[in-house]
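Heads up: the sequence lines are chains X, R, H and W, in that order. Numbered by my numbering, the letters in the first sequence go through residues 1 to 459 in order. Numbered by my numbering, the letters in the second sequence go through residues 1001 to 1459 in order. Numbered by my numbering, the letters in the third sequence go through residues 2001 to 2459 in order. Numbered by my numbering, the letters in the fourth sequence go through residues 3001 to 3459 in order. So the structure is just underneath, and the comments pick up after that.
There are 4 protein chains.
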Amino acid sequence: MCGIFGIIGHAEASNLAYLGLHALQHRGQESAGIVSSDGARLHAHRGMGLVHDVFDETVLSRLPGDAAIGHVRYSTAGQSILENAQPFSVSYGGGWLGIAHNGNLTNAIELRSSLEAAGSIFQSSSDTEAIVHLIARSRAGAPLDRIRDALLRLEGAFSLLFSTPDMLVAVRDPHGFRPLALGRIGNALVVASEPVAFDLIGAETLREVDPGEMVVIDRAGLRSERPFPQSLPRRSCIFEHVYFARPDSVIDGVGVYEARKNLGRILAEESPADADIVLPVPDSGVPAAIGFAERSGLPFEMGMIRSHYIGRTFIEPRQSIRHFGVRLKLAPVRALVRGKRVVVVDDSLVRGTTSRKIIKTIRDAGAREIHLRISSPPTRFPCFYGIDTPSRRELIASSHTVDEIAKYITADSLAFLSNEGLHRAVGGNAHCDACFSGNYPVPFPESADDRVHLRLVAN
Amino acid sequence: MCGIFGIIGHAEASNLAYLGLHALQHRGQESAGIVSSDGARLHAHRGMGLVHDVFDETVLSRLPGDAAIGHVRYSTAGQSILENAQPFSVSYGGGWLGIAHNGNLTNAIELRSSLEAAGSIFQSSSDTEAIVHLIARSRAGAPLDRIRDALLRLEGAFSLLFSTPDMLVAVRDPHGFRPLALGRIGNALVVASEPVAFDLIGAETLREVDPGEMVVIDRAGLRSERPFPQSLPRRSCIFEHVYFARPDSVIDGVGVYEARKNLGRILAEESPADADIVLPVPDSGVPAAIGFAERSGLPFEMGMIRSHYIGRTFIEPRQSIRHFGVRLKLAPVRALVRGKRVVVVDDSLVRGTTSRKIIKTIRDAGAREIHLRISSPPTRFPCFYGIDTPSRRELIASSHTVDEIAKYITADSLAFLSNEGLHRAVGGNAHCDACFSGNYPVPFPESADDRVHLRLVAN
Amino acid sequence: MCGIFGIIGHAEASNLAYLGLHALQHRGQESAGIVSSDGARLHAHRGMGLVHDVFDETVLSRLPGDAAIGHVRYSTAGQSILENAQPFSVSYGGGWLGIAHNGNLTNAIELRSSLEAAGSIFQSSSDTEAIVHLIARSRAGAPLDRIRDALLRLEGAFSLLFSTPDMLVAVRDPHGFRPLALGRIGNALVVASEPVAFDLIGAETLREVDPGEMVVIDRAGLRSERPFPQSLPRRSCIFEHVYFARPDSVIDGVGVYEARKNLGRILAEESPADADIVLPVPDSGVPAAIGFAERSGLPFEMGMIRSHYIGRTFIEPRQSIRHFGVRLKLAPVRALVRGKRVVVVDDSLVRGTTSRKIIKTIRDAGAREIHLRISSPPTRFPCFYGIDTPSRRELIASSHTVDEIAKYITADSLAFLSNEGLHRAVGGNAHCDACFSGNYPVPFPESADDRVHLRLVAN
Amino acid sequence: MCGIFGIIGHAEASNLAYLGLHALQHRGQESAGIVSSDGARLHAHRGMGLVHDVFDETVLSRLPGDAAIGHVRYSTAGQSILENAQPFSVSYGGGWLGIAHNGNLTNAIELRSSLEAAGSIFQSSSDTEAIVHLIARSRAGAPLDRIRDALLRLEGAFSLLFSTPDMLVAVRDPHGFRPLALGRIGNALVVASEPVAFDLIGAETLREVDPGEMVVIDRAGLRSERPFPQSLPRRSCIFEHVYFARPDSVIDGVGVYEARKNLGRILAEESPADADIVLPVPDSGVPAAIGFAERSGLPFEMGMIRSHYIGRTFIEPRQSIRHFGVRLKLAPVRALVRGKRVVVVDDSLVRGTTSRKIIKTIRDAGAREIHLRISSPPTRFPCFYGIDTPSRRELIASSHTVDEIAKYITADSLAFLSNEGLHRAVGGNAHCDACFSGNYPVPFPESADDRVHLRLVAN
């Protein structure tokens, strides 16, 4: 997953991009980058790591101009290379171009093959590079025409920011898979994956960029277009509400914190538990646990403490300490759980290994019963629209029943939110829930092997 | 403030010390160190920064032996120098000695002056170095006799760990200002400022080290002594319960999480508010806010989001963004607070500047009324026993009434917990509350100027 | 300027590339990179800085395979960005391709413009990227055919290494501007800018790659081709002999050390000086000074000491210390020069500022007379074939007579080697001496401004 | 070995100390430190590594005041710990004290034992810490009286700088083992191990500090004392001239460059060789080789090229490349030595392993005969006065004849300079030559084991 930010018309553009990326840091910790425009040319800096590691005052001072786009990228096990860091910036027939992408093209392999056959070269393993080639190869003349041209070739999930020396262009795919919001600070306009980036810099949130909309902002102002030929049903990602977005964000007009509380409330209705207290798995499970506690009438307790001091590389003891990794990060309040019947609320259950460790840790702390409640349905299908889910083989719910999972994770009981409850909690029926339901709004290549072979990565 | 950890009789002594220090990281982030003993000599490593920055596998491999003591040190504005990093380790007439200290000697200046007059040299600005000199200058022969000798000269707050090639010695001052607990893992014994360090490494908590007790552990086993001539009333620090200790710790037999909930409950009784929701200032205000919500019947909401990505050096925008520092760390959930009457619960109020910023931020997010409730009394007096409070001049409550403070921080109402409520919540009457009451159990030098002049620092 | 190295058929290919690049480090200190081939795909690592900073054992272990190419890049004031670091590596229609380039294409802007017009994108400001695009866009099918195709489009100076999963290709432009040598270690074949890279790894030097030759090496062996339609006169860079190559190198069959001594000998014949001792400006002026001393009968003295401890960023004193930068690097032996008439031999004189400082420093040390002798003609013209000379405006000799220069640098006398002497010393008449004579073997774009505008950089 | 620098009376004291240490960097690369005085107190910074790594502008800005002392420390395999970095700075009964030491106390163990018995603690393994304790324990009142007191207890080699808030004190032991020079810049006075530090900062060299002299400099001026009761014969270290000092230094009134040329001249007289050319082992063997060439009438050639790019940690190829380490550092000019009879001049021969590798490398390059000439006598005895020689067991000349050594290193002939020739070349007979002759001017403890046990290190 990734986060994107853009600004145009502000003397401190790259500084505000830096802050905006900081507010979006939860969307990607692997790499960060900013491309600024001084009106004549673009300036770029990208690096591996967190925003405050990649940038300092010296680096920011080399990103002059009144416009900038930025990108933070998620962390995966493999393919963590600088070449994939965004925004990309290139020089081509239309001049200078910067691009930042959140999402995943479902026709990436096909695009790449045909572009390579036509003589394009690829320096990264990201699908985003294909978009740049499409723009460069467009027969249209003006940069904006080229962008329009290229957009027609894209399939799948994409929230995009383009930067040229003259303008900032923000695009959201017709389904609106990934979020994108529009704001204002003084006379400058800003675009970001989540409005929390606006809150931090003191900008006002105007509205979301609509699915299928292209917003063009230059020094003269903003205009909106609909570059895609047909209108498609809105399918914004429901997992943003479940887990990904920050709780203080508003996504698609829905407050994430309140949506999560609703998840917990409906979960309590659907799957109550005879217990003494309700604990969240912090931090992501907190709002749902508050909702669960409210609806069930059980007391909410912050019964697991999350450590803020975990570094990237932690030395484990040579002798096996059971469930060490989880202990380092989450510690139960022993005096609280001892002898109690405990409801634990978590946002999702993917492989089951972490839940198993958490339950063991709480049981070791003396809990009498542990009832795990998950504020989303079982994750049975991989996402092809930008969320970094593991392959289907690793998704425990794709091959095990709820009872089998409960047994594996050693919970006294386990329940998931229903798909109906999920949609009811979030509101509307315009969300993509493919990871839970298998209903994929956009088809994707059959062979996962191809995808692995080319090592294309989502953004 | 600082945290200390000791272990003896374990093949992975320094590795476990490293993990134990990690669990105590909240007690000090400025420097970290470990001194190990291989039975013949000591090995040391100290550095500035967090535990996982100071140590890596190579460094730990150079700390052999089955015993180790460790130390984490708090971060202050000035005097952040490596020379003050602990544990100290020296060679002297009695052989090798390591020492780790949590607390503050009230007679440090006097000890230092007399030691310097007698020919001792000081390489740090820490009061701990004086203890080493007292041991080195003792006329007693055996190391343990020298330690006993030196202890009689110490006044104030001290939880101490000594390491010699043969043994580990743990001492707690007669008042028991600073916590110290004893545990076991396999055949090894462990000592730590808080039992959370035992939880992490899978050790069992045995008991606390008593005020005035000296525990001597060698390869033969453990024996307990009372080296101080007179028994003094227990005065364990009440601020550990209010703020300092981790909520999953048990200090002096009292669970910190439950104690904090009690603070909130009694605060709600003493100073209710006519409001819609209760928000904590995360993370430290959470348990008290839960208690406040429970007792007041108002809903608890996690209405401020704390960022986990704050680095040490953050670049602020050149143009003034109001209350930027707080925004970076704490973001209100706007959709939640908009139009609401909000109770905000924080653990303490020291200078008032942060509270003022928090209230402003919540007000900007649209709250209708903001009622700040502090789960401790006004902090009117500096601590001379190890907590790093600012000078009295900077404590807003030392010179302002509650009404004046409320006005300064722009709260619609402000209330503190009463001192009686504080003691009732924590239980017993054996706590030092000098920072709230001015009742100092041990006298200290009149002139704060002297203290500043010599730049002696607490541990 | 840059250095390149290639190897194929050796189990430790990337390790030996690392060492080979180390031996070529004098040819470029800004960035370093290696692309290895495991027979199926390429692996790459590039970074800013010296070879031993960019690579460590972990990084090298991620560059598997029995073939590798490497590149070191020179340091310039601006445009020092990672995007320009080589070798480039891409995926394109023909599969994987790596490329390392030493030289400068004189038709780079033209190539780039036409490629951009045809839809290619450029991520660097290096002219080398154009070569990759030409290969990717070739209508030929097999990689080798595509390379042949692309070579026909190149003008100017280029020694090139290409890596595909199957083979290593080494090419030298028809004039042979930049050196390239071929060697063998065991059954593996190696290619390098200078044979000093072979000496370090224990490889045997076989021969140079001929101007206009393409050497194709795969697991089956080596074959040589002449891909260019017409034969052009050899014009190997004479400045390699004057300054750039390492003195222990053999370039174009000529030993560099001996060539430099010859420069000094002929200089002594052409422009003797009535003096007491001969000093080199170390290290580059040493062989010429030895030759000058030998021919003039004056004693050679190592009268200036060069410091080996200069870091990149050195803090200068706030108050002006005269000629501080030079002092830090070069210190005269005061006892030696005091009262003496001194001949100082340097390899070239570009801006005059350094010479001025050196002379001042020697004069301050007490020298009576200082006669500067330069072992090359006045540098009057910029190089467009790969040497990083400043613009013509900055070349003092392009606008000042020798007498004027002597006055500016405060030398008692100044003399340059004649162009005839230069060629006589190096041997043969097949060298490019454009920087001295202005006789450019290959034309280049009129407007230097264009070049600056696109910020294309030589390799 | 170490280098020391002091300055008093200059507004940029710590900046100039930084530069002075840079000029003395050849005397120690392990650690560097500066202690400055602002008239009221001392400020210190020490770190591991080179001067330009340890200090930057921020660090230097925290070292205010018009006086400073600095220290660079040599690099050894073991015991490379920050605790040993100098200058030491302490607070004691006489106030603040800083100390920088070049040399080695022969009674260090005895001093340490008696100080520890009296109650002193030691935080380092350096003998210098004992000096501070002696001062702190002196019954004299004023700092200067205490220093005088302590000096009477010291035996062995010591050039010392003391800093108090009021004054700078420079002392040289009665034999004058280690050099120390006095200079002036404007109204400020400077002291340094070698006058090259004065040259760099533009200071004028006044004279050396005499053996047995104590120079006291305060804001009022300079006065000289003779604090030691008896005058002892000058025994300044002859190895400074052979190898250690920079060639542009003047030590004890003798120019080092000229002394080294004399060593070569006399060596040529004593042990001529029937050969074609003379090569130095760069950089230290250069002046002696020039002298050898001059006297023998053979041509001097810079026939080995030294690389300037060797980093601390260099990755060797897994497969054995013969004599790899030396190759990395020194490369013969093959075209020059091929078929020649070569005289190689080096400054000293300690273990023989490096010479063996150098000869092999030159022989591999095609030399017909190799005659090694060493411009000092065989190193048969360890130094106890500050030079970091290996133990006697490792000195090849302590157990092998010259013929045996020649055979081991595979030289066609080998000759050392005679001890008489050594003294004649350097001038005077007032030098310590214990490492060559075994004539130790000051006795030292019998048991080297004791020394190792306590791990005391020379400075």
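Think of the CB as a built atom: it goes at the ideal place given N, C-alpha and C, for glycine as much as any other residue.
Q) Nearest CA to the CA of Pro3280 (chain W): which residue from W:Gly3303, W:Leu3417, W:Pro3229? A) Per the Cα distances, W:Gly3303.
Q. Using DSSP with H/G/I as helix, E/B as strand and the rest coil, what is Thr1106 (chain R)?
A. Taken through DSSP and simplified to helix, strand or coil, Thr1106 (chain R) comes out as coil.
Q. Does DSSP put Cys2383 (chain H) in a helix, a strand or coil?
A. coil
(Q) Tell me the residue span of the alpha helix (DSSP H) that contains Val196 (chain X). (A) 196-201
Q. Val3035 (chain W) CB to nearest chain R CB: under 9 Å?
A. no
Q: Within the same chain, show all residues whose beta-carbon is closer than 6 Å to that of Glu2369 (chain H), passing over the 5 residues directly before and after it, in chain order.
A: Arg2341, Asp2412
Q) Quick one: what's got a C-beta closer than 6 Å to Arg3046 (chain W)'s C-beta in the same chain, skipping five residues either side? A) Once the five neighbours on either side are set aside, the close Cβ partners of Arg3046 (chain W) are Gly3033, Ala3085.
Q: Determine the chain X residues that contact Phe2122 (chain H) at a beta-carbon separation under 7 Å, and present them in chain order.
A: Val90, Ser91, Tyr92
**Q.** Neighbour flag for Leu1019 (chain R) against chain X, beta carbons, 9 Å
**A.** yes
Q: Can you grab the Cα-Cα spacing for the pair Ala2044 (chain H) / Asn2102 (chain H), in whole Å?
A: 18 Å
Q.
Is Leu2182 (chain H) close to chain W? Criterion is C-beta to C-beta, closer than 9 Å.
A. no
Q.
What does the Cβ neighbour count give for Arg2148 (chain H), buried or exposed, with the cut at 16 atoms within 10 Å?
A. By the 10 Å Cβ count, Arg2148 (chain H) comes out buried.
(Q) Counting only C-beta atoms, is Ser2307 (chain H) closer than 9 Å to chain W at any point? (A) yes
Q. Going along chain H, which residues have a C-beta under 7 Å from Arg3246 (chain W)?
A. Simply Ile2305.
Q. Helix, strand or coil: how does DSSP classify Ala157 (chain X) here?
A. The DSSP-derived three-state label of Ala157 (chain X) is strand.
Q) If you draw a straight line from the C-alpha of Ala3203 (chain W) to the C-alpha of His3022 (chain W), how long is it? A) 15 Å
Q. Can you tell me the Cα-Cα spacing of Leu3024 (chain W) and Ile1405 (chain R), whole angstroms?
A. 59 Å
**Q.** Contact under 9 Å by Cβ, Pro179 (chain X) with Glu240 (chain X)
**A.** yes
**Q.** Interface residues of chain R facing Gly3119 (chain W) [CB-CB closer than 7 Å]
**A.** Gly1093, Ala1136, Arg1137
Q) Arg2312 (chain H) to Arg2062 (chain H), Cα distance in whole Å? A) Confidence in Arg2312 (chain H) is poor, its pLDDT being 48 and thus under 50, which makes the residue's placement unreliable; the coordinate value appears in the next sentence. In a straight line, the C-alpha of Arg2312 (chain H) is about 29 Å away from that of Arg2062 (chain H).
Q) Out of H:Val2250, H:Arg2223, H:Arg2226, H:Asp2346, which has the shortest C-alpha to C-alpha gap to Glu2208 (chain H)? A) H:Val2250
Q. Under 9 Å, do Ile305 (chain X) and Asp1248 (chain R) count as touching if we go by C-beta distance?
A. yes
Q | Beta-carbon neighbours of Glu2977 (chain W), restricted to chain R and to distances below 8 Å | A | The first residue shown for chain W is 3001 and the last is 3459, placing residue 2977 (chain W) beyond what the model contains.
Q.
Please classify Met3407 (chain W) as buried or exposed, where buried requires at least 16 other C-beta atoms within 10 Å of its C-beta.
A. A small correction: the amino acid at residue 3407 (chain W) is Lys; Met does not occupy that position in the sequence shown. Exposed, by the Cβ-count rule.
Q: Please decide whether Phe2300 (chain H) counts as near chain W, where near means a Cβ-Cβ distance under 9 Å.
A: yes
Q | Residue(s) in a DSSP beta bridge with Ser3236 (chain W) | A | W:His3431
Q | chain W contact for Val1059 (chain R) (CB, 9 Å cutoff) | A | No, Val1059 (chain R) does not count as interfacial toward chain W.
Q: Answer with buried or exposed for Thr3058 (chain W), where buried requires no fewer than 16 other C-beta atoms within 10 angstroms of its C-beta.
A: exposed
Q: Please confirm if the stretch 1381-1392 of chain R is in contact with the stretch 1329-1337 of chain R, defined as three or more CB-CB distances below 8 Å between the two stretches.
A: no
Q: Would you list the one or two residues that DSSP bridges to Glu1225 (chain R)?
A: In DSSP, Glu1225 (chain R) forms a bridge with R:Met1214.
Q. So with Cβ pairs under 9 Å, would you call His2423 (chain H) a contact of chain W?
A. no
**Q.** Arg146 (chain X) versus Gly156 (chain X) - alpha carbon distance
**A.** 19 Å
Q) Are the C-beta of Val171 (chain X) and some C-beta of chain H separated by less than 9 Å? A) no
Q: Please go through the stretch 346-425 of chain X and give each complete alpha helix (DSSP H) segment of 4 or more residues, from N-terminal end onward.
A: 353-364, 402-409
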